[in-house]
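Reading through the structure tokens given below for one structure.
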Amino acid sequence: MESEKYCLSVINAFVKHALTHSTTWKTTNTELRRVSQLFTSNGYPKKDIDDVIRRRIDAFMSKNKSKTKERNITLYYKNTMSTA
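Residue numbers are given in UniProt numbering: position 18 of the sequence shown equals residue 18, and the series is strictly consecutive.
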């Protein structure tokens with residue numbers, strides 16, 4: 001049980017790093033494929049890797065959607081140096 005949780009945490013950390021440190025979707029995709037190959041080569045179950053990647057991408061995209069819905073508030077101020 002603990003080793004399964006540990007395995008998922010390790011995969012999760014690598015996927016999070018790929019999503020937050022890549023500058024384009026092309027590099028993100030390349031990095032996620034590299035991470036997937038790395039863990040597959042080290043005996044991690046492919047299903048677990050794919051599940052973590054899918055959940056992380058869904059969370060990342062929903063977080064970015066909520067950011068675009070933010071309202072801008074315009075603050076007006078009078079310059080203290082003005083003569084008006």
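Beta carbons: idealized from backbone N, C-alpha and C, even for Gly. Computed from a predicted model, the values in this text were never measured in an experiment.
Check your understanding: To the nearest angstrom, how far is it from the Cα of residue 88 to the Cα of ILE73?
Key -> Summary: the structure shown does not reach residue 88, with the chain confined to residues 1 through 84, and so no result is reported for it.
Exercise for review: Take the Cβ of SER59 as the centre, count every other Cβ of all protein chains shown within 10 Å, and call the residue buried at 16 or more, exposed below.
Suggested key: Ser is not the amino acid found at residue 59; the sequence shown has Ala there. With fewer than 16 Cβ atoms within 10 Å of its Cβ, ALA59 is classed as exposed.
Review point. Span of the alpha helix (DSSP H) holding ASN41?
Key: The amino acid occupying residue 41 in the given sequence is Ser; Asn does not appear at that position. Element bounds for SER41: 25 to 41.
Review point. If we count the other Cβ atoms within 10 Å of its Cβ and call it buried at 16 or more, is residue 95 buried or exposed?
Key: The shown model of the chain, from 1 to 84, leaves out residue 95, and the question about it has no answer.
Exercise for review: Keeping to the same chain, check which residues put their C-beta closer than 6 Å to that of MET1; ignore five residues upstream and five downstream.
Suggested key: Caution applies to MET1, whose pLDDT of 41 falls short of 50 and renders its modelled position unreliable; the value that the coordinates give is listed next. Once the five neighbours on either side are set aside, MET1 has no close Cβ partner at all.
Review point. Out of MET61, LEU38, SER62, THR24, which has the shortest C-alpha to C-alpha gap to VAL10?
Key: LEU38
**Study point:** Segment contact flag, the segment 15 to 24 with the segment 39 to 48, C-beta cutoff 8 Å, min 3 pairs
**Key:** no
Point to revise | Cβ distance (whole Å) where ALA18 is taken to contact GLU31 below 8 Å | key: 4 Å
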